[in-house]
Structure formats: C-alpha cells, structure tokens
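See structure below.
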Amino acid sequence: MSTKIYVGNLPYSVTDSSLRSNFAEFGSVTSAKVMMDRDSGRSKGFAFVEMASVDASQAAITALNGMSVDGRSIVVNLAKPREEGRGAGGNREYRASSRPNVGYGNDGYGGGNSY
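Residues in the sequence shown are numbered from 1406 upward in steps of one, following my numbering.
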C-alpha cells in the first residue's frame, strides 16, 4: 500500500527529481511533486512524495524530518487528507457586507468623525 508524505519548509531550489532521488534511498518512490505557484512558476516551498510501502515512508520520515537542507529545517510527516470544503478554489464568491457603510462613515467618505 502506498503512503503519501508531506514535505514542508523546502528551499525554493528543490526540484521533483532531487526530491525523488533523496527519498529513493529509503525505498521505491511512486511520485514526487514540488508544488509550484501557478502565476510565477516558482516553488511554494512544499511537496508531496508517495512511497510504495508504509515501512519505506516511515523510514524516510524518521531520517529526514528536521534535517537541514540549504539552511532550512525541513518538515517531513504523513500527509493528511484534505478536509471537504477547504483549500484553495478558483470560484469564490465575493459578498458585500450586510452592515451598512462599513468603513465609510455615514456620508460615504473614509471613516472618521463628522464634526
């Protein structure tokens, strides 16, 4: 059974292939993916690695969690499943506040008291 691992606080220079090769020391790596910012194309500083066995995952977590990589102490632990309804989504609705004149005073201008 494969196990997904979360790897956080990564230096921005880490790539999918370097991640894969580091985790391969502990067993068969099914996938290794550094999360990238859609707009800038830059690393978000975290990744997910899927290992073929629970034993390999546990060995990697034990050995790599807290390890210093380019001066950064990385976080390595079992990935938690996403909670329903959480996370980023592109189709968020923006709603106006139900409170009248929020932040604009009574006359529609920037806050402050009317003297």
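Virtual Cβ for every residue (Gly too), placed ideally from N, Cα, C.
Which of the three DSSP states, helix, strand or coil, is assigned to residue i?
i	result
A1465	helix
L1415	coil
S1428	The sequence shown places Phe at residue 1428, not Ser. Reduced to three states, the DSSP call for F1428 is helix.
S1433	coil
S1422	helix
Is residue i near residue j, with beta carbons less than 9 Å apart?
i	j	result
S1448	M1456	no
V1481	Y1417	no
V1419	A1452	yes
Keeping to the same chain, check which residues put their C-beta closer than 7 Å to that of residue i; ignore five residues upstream and five downstream.
i	result
T1435	S1407, E1455, M1456 and A1457
K1409	F1453, E1455 and A1484
L1469	I1479 and V1481
For residue i, does the count of other Cβ atoms within 10 angstroms reach 16, so buried, or fall short, so exposed?
i	result
V1459	exposed
L1483	exposed
S1462	buried
Considering only residues of the same chain and omitting the five flanking positions on each side of residue i, which have a CB-CB separation below 6 Å?
i	result
S1478	G1471
G1450	L1415
A1437	D1421, L1424, R1425 and V1454
F1428	V1434, V1454 and A1465
F1431	A1461, A1464 and A1465
Using beta carbons (cut-off 9 Å, strictly below), is residue i in contact with chain C?
i	result
T1420	No chain C is present in this structure, which holds just one protein chain.
With a threshold of 8 Å on Cβ separation, who are the neighbours of residue i within its own chain once the five nearest residues in sequence on each side are excluded?
i	result
V1474	L1415, P1416 and V1419
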